[in-house]
Structure formats: structure tokens, C-alpha cells
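Novice: This is the structure, below, for whatever I ask next.
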Amino acid sequence: MTKILIAEDDKEINRLLSEFLKNQGYEVISVFNGLEANSIIHGLEDVSLILLDLMLPYKSGDMVLAELRESSDIPVIIISAKDAVRTKIELIHMGADDYITKPFDLDEISVRIEAVLRRVGRDLEDKQNRILKYKDLTMDCESKTVSVNGNILVLTGKEYAILNLMLKNKSKLFSKANLFESVWSEPYYNEDNTLKVHMSNIRSKIKQYAPDDEYIETVWGMGYRLKKQ
């Protein structure tokens, strides 16, 4: 269940938000000052989103946000009576994901929360798709780098493309024709040793840094796949 932390010192507003969000299906934790908010934030890693008032006792909301952003990207929606544009801009620059001015509409709160959670979900998915991992091998699809046990492999464009395709389809058995035509965009001929040479080179480069493990296996008469863990 999505867990939302409400950091709001006005007891009535806190109660109103808490009851509304619980009815929306969220799990809710309520705190009433900045020190309590800090304690919860650093003690619970599964908080999905924070509704943060700025005028909190003991430690202000902007201080809570600044400290949070030093170590966490938990989404934060500021809820404040301060409506100056400069204040909103400063808080967004500090790392707030959205800013809602009091008085607010509860339905607007719900829509803003859903929007932020959707965006965070997409960002997480993008990050997961950008970094591909298998055993001790890591591929960063943004920087186009591949490393094994922290050591960068020097790959050709075709070698990178072969690994990329296999890492995105970890359980798939690729026929030689399928793999060749996907990477080279040309028809495959049985007598062509190009793919075999590239596979041998990839294996050799990985083996430099993982000598005791096999990453790619040949299924004789069928093709190649990542060796099952």
C-alpha cells in the first residue's frame, strides 16, 4: 500500500488530510513538527510521498526538505499558506515536486498526489530500463558503457548491440539468424562466421574480469542465450 507522510502542525488540517487520504486507499502517517518528520523520514524507507507544511515547529519545512534531498528522492508536495511566486520557485529548486497553496481543495490534493506518483513511477521505470544487470555485468544504456565487477569493457558497436539485445531478453534463446539479423539488419547465411567471432570476442572480454563464470552459452544447433543463473 502507498504510504504518505503528512507533516502539518495544524491538527484539524492534519486530521482532514489523513481521513481523506485513508478513504482514498492510502496508508497515512501524521506528524506535527519538523523533528518528528525527520525522524520518520530517516527511519522508514518505504514512505512513498510526503505532504510537507513549511511553518512547522522546531524545524521548518524548508529545512526538512533541504536535509531530505541530501540523501533521498522521496517525492515531496509542499502545502503552505505562503503564496508568493518566489517562494514556490525557491522550493521547487530545492527539490519539491509540487506546491499547493492553502486553502486547498481535497480533490486537487488527490489529483496532485496521483500525478506525482505516476511521474515518479515512470522515472523509476526509466532508470530500471537504463541500467541492465546480469550477474556481475552492468550495462548503462545512457552512457553506452558495459562493466564487469566494476571494470569497463571495451566493446565494438556490434558487440554492444548483441549484449544489449540479450540483456533485455534474459531468458530468450536467440537463433543465430535472429541475432544476426536483429543486430546487422542483413540476411543471415549459415556459412558466415561473423556472429561466431563477435560472440567469442564478447566472451573473452568478459572473462578477463570474471574468469570463473560463464555469461553466454551456446545451445548447439539452436543458438545463444545468457547462461541460466
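Read in order, the letters of the sequence shown correspond to residues 1 to 229 in this note's numbering. Backbone N, C-alpha and C fix where the C-beta goes; we use that ideal spot for every residue, glycine too.
Quick check: the stretch 170–179 against the stretch 137–146, are there 3 or more CB pairs under 8 angstroms?
Specialist: Taking 8 angstroms as the limit for Cβ pairs, the verdict is that the stretch 137–146 does not touch the stretch 170–179.
Novice: I want to know whether the stretch 86–99 touches the stretch 62–71 - three or more CB-CB distances under 8 angstroms.
Specialist: Yes, the stretch 86–99 is in contact with the stretch 62–71.
Novice: How far does the beta strand (DSSP E) with residue 7 in it reach, from first residue to last?
Specialist: 3–7 is the extent of the beta strand (DSSP E) around residue 7.
Novice: Can you tell me which residues form a DSSP beta bridge with residue 133?
Specialist: DSSP output for residue 133 lists 138 as bridge partner(s).
Novice: DSSP on residue 214, reduced to helix/strand/coil?
Specialist: DSSP places residue 214 in coil when its eight states are reduced to three.
Novice: So, do the stretch 24–31 and the stretch 65–84 have three or more beta carbon pairs nearer to each other than 8 angstroms?
Specialist: As far as the Cβ criterion goes, the stretch 24–31 does not touch the stretch 65–84, which means the pair count is below three.
Novice: Specify, as a first and last residue, the run of the alpha helix (DSSP H) that residue 47 falls within.
Specialist: Careful: residue 47 lies outside any alpha helix (DSSP H) and carries neither H nor E.
Novice: Is residue 148 near residue 210, with beta carbons less than 8 angstroms apart?
Specialist: Cβ atoms of residue 148 and residue 210: closer than 8 angstroms.
Novice: Flag this pair as yes or no: are the beta carbons of residue 59 and residue 81 separated by less than 8 angstroms?
Specialist: Going by C-beta atoms, residue 59 is not nearer than 8 angstroms to residue 81.
Novice: Could you check the C-alpha separation between residue 38 and residue 133 for me, to the nearest Å?
Specialist: Near 33 angstroms, if we compare the C-alpha coordinates of residue 133 and residue 38.
Novice: Please go through the stretch 75–130 and give each complete alpha helix (DSSP H) segment of 4 or more residues, from N-terminal end onward.
Specialist: Complete alpha helix (DSSP H) runs here, min 4: 85–94 and 106–130.
Novice: Taking 6 angstroms as the limit between beta carbons, can you name the residues of its chain near residue 5, skipping five residues before and five after?
Specialist: Correct list, in chain order: 29, 40, 47 and 50.
Novice: Which residues in the same chain as residue 32 place their Cβ atom closer than 6 angstroms to its Cβ, once the five residues preceding and following it in sequence are excluded?
Specialist: Only 9 meet the Cβ criterion.
Novice: Helix or strand or just coil, what does DSSP make of residue 160?
Specialist: Here residue 160 sits in helix by DSSP.
Novice: Per DSSP, residue 224 forms a beta bridge with which residues?
Specialist: Answer is 174 and 218, bridged to residue 224.
Novice: Since residue 151 sits in a beta bridge, which residues does DSSP pair it with?
Specialist: Paired residues: 148.
Novice: Within this structure, are the beta carbons of residue 223 and residue 165 separated by less than 8 angstroms?
Specialist: Cβ distance not < 8 angstroms, so residue 223 and residue 165 don't count as in contact.
Novice: Could you give the DSSP three-state label for residue 27: helix, strand or coil?
Specialist: Here residue 27 sits in strand by DSSP.
Novice: Pull up the distance between the alpha-carbon of residue 7 and that of residue 36, whole angstroms please.
Specialist: When rounded, the distance between both Cα atoms is 8 angstroms.
Novice: Between residue 181 and chain B, is there a C-beta pair that is closer than 8 angstroms?
Specialist: Absence of chain B from the displayed structure is noted, only one protein chain being present.
Novice: So, using beta-carbon positions, are residue 52 and residue 61 closer together than 8 angstroms?
Specialist: Taking 8 angstroms as the Cβ cut-off, residue 52 and residue 61 qualify as a contacting pair.
Novice: Per DSSP, what kind of secondary structure is residue 52 in: helix, strand or coil?
Specialist: In the structure shown, residue 52 sits in a strand (DSSP, three-state: E or B).
Novice: Could you check where the alpha helix (DSSP H) with residue 201 kicks off and where it finishes?
Specialist: Residue 201 -> alpha helix (DSSP H) spans 194–207.
Novice: With respect to the alpha helix (DSSP H) encompassing residue 62, which residues constitute its N-terminal and C-terminal limits?
Specialist: That run of the alpha helix (DSSP H) goes 61–68.
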